[in-house]
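**Student:** First residue of the sequence shown? That's 5 in our numbering, and the numbers climb one at a time after it. Built from N, CA and C at the ideal position, the CB exists for glycine as well. Before we start, here is the structure in question, set down as C-alpha cells.
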Amino acid sequence: MSDMEFTSTAHYKALGERKLVGSRCKSCGKLFFPARPMCPECHGKNMEATELSGKGKLTAYSVIYIATTAMIQAGFDRKNPYCAAVVQLNEGPSICAQVIGADVAHPETIKIGSPVIATFLDRGEGETKKTFLGFQI
Ligand SMILES: [Zn+2]
Numbered sequence: 005m006s007d008m009e010f011t012s013t014a015h016y017k018a019l020g021e022r023k024l025v026g027s028r029c030k031s032c033g034k035l036f037f038p039a040r041p042m043c044p045e046c047h048g049k050n051m052e053a054t055e056l057s058g059k060g061k062l063t064a065y066s067v068i069y070i071a072t073t074a075m076i077q078a079g080f081d082r083k084n085p086y087c088a089a090v091v092q093l094n095e096g097p098s099i100c101a102q103v104i105g106a107d108v109a110h111p112e113t114i115k116i117g118s119p120v121i122a123t124f125l126d127r128g129e130g131e132t133k134k135t136f137l138g139f140q141i
C-alpha cells in the first residue's frame with residue numbers, strides 16, 4: 005500500500021472506503037490495528053500500511069443497556085441494547101467494536117469463538133457523518 009499517515013483521521017477515512025488499514029513494523033514485524041505511527045514493541049517508526057481481511061473471531065462481549073452519548077445518538081438505550089465485543093482479527097490484533105446480528109435479548113446464545121466479519125456503520129449526516137467499524141456475527 006502507498007504511504008499514509010497513521011492518524012485517527014486516516015483511520016476513519018479508510019473505514020469510509022470500507023477498508024481496515026493497520027500498520028506493520030518493518031523492524032520487528034508486529035502488526036497493529038488501528039494503525040500506529042510508532043511501534044510500542046521496538047520503538048521503531050518504520051511502519052508500513054497493511055490492509056486487513058476484516059475476518060476474525062469473538063473473544064469477549066457484553067450487552068450494553070446503559071449506552072454512551074454517541075451510542076444513544078445512534079439509537080441505543082435500555083429498550084434497545086447493543087452488543088459490544090472484543091474481536092481478534094485473523095491477522096492477530098484485537099479491537100473493541102459493536103457486533104451486529106447478535107441476539108441481545110438472549111445473550112447466552114452469543115458464543116465466544118464465533119467467526120465475525122467487518123461491517124461498516126455509517127452514522128450522522130453531512131459534516132458529522134462518520135463511518136465506524138462493526139462486526140457481523
Ligand atoms: Zn517494532
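Determine the direct distance from the alpha carbon of Phe136 to that of Ile116, and round the result to whole angstroms.
**Tutor:** 22 Å
**Student:** State yes or no: is the C-beta of Ala106 within less than 8 Å of the C-beta of Leu24?
**Tutor:** Cβ atoms of Ala106 and Leu24: not closer than 8 Å.
**Student:** Give the DSSP-derived three-state secondary structure of Ile121 in the structure shown.
**Tutor:** strand
**Student:** Pull up the distance between the alpha-carbon of Ser57 and that of Ile141, whole angstroms please.
**Tutor:** 15 Å
**Student:** May I ask you to report which of helix, strand or coil DSSP gives Glu131?
**Tutor:** Per DSSP, reduced to three states, the secondary structure at Glu131 is helical.
**Student:** Spatial neighbours of Ser118 within its chain, please: C-beta separation below 8 Å, excluding the five flanking residues on both sides.
**Tutor:** Residues of the same chain with a CB within less than 8 Å of the CB of Ser118, apart from the 5 flanking positions on each side, are Lys61, Leu62 and Ile141 in chain order.
**Student:** Going by other Cβ atoms of all chains shown within 10 Å of its Cβ, with 16 needed for buried, is Ser6 buried or exposed?
**Tutor:** Low local confidence applies: a pLDDT of 49 at Ser6 is under 50, so the model's placement there is unreliable, with the coordinate-based value given in what follows. Counting Cβ neighbours within 10 Å, Ser6 comes out exposed, since fewer than 16 surround it.
**Student:** Comparing C-alpha positions only, which one of Cys32, Arg82 and Gly96 sits nearest to Cys46?
**Tutor:** Minimum Cα distance to Cys46 is reached at Cys32.
**Student:** By a C-beta neighbour count over all protein chains shown, 10 Å radius and 16 as the cutoff for buried, is Pro38 buried or exposed?
**Tutor:** buried
**Student:** Mapping the DSSP letters down to three states, classify Thr54 as helix, strand or coil.
**Tutor:** strand
**Student:** Put Ala109 into one of helix, strand or coil per three-state DSSP.
**Tutor:** coil
**Student:** From this set, Gly96, Ser27 and Tyr86, which residue's C-alpha is nearest Met51's C-alpha?
**Tutor:** Ser27
**Student:** When burial is assigned at 16 or more other CB atoms within 10 Å of the CB, is Ile70 buried or exposed?
**Tutor:** exposed
**Student:** Based on the DSSP secondary-structure assignment, which residues constitute the bridge partners of Cys29?
**Tutor:** Met51
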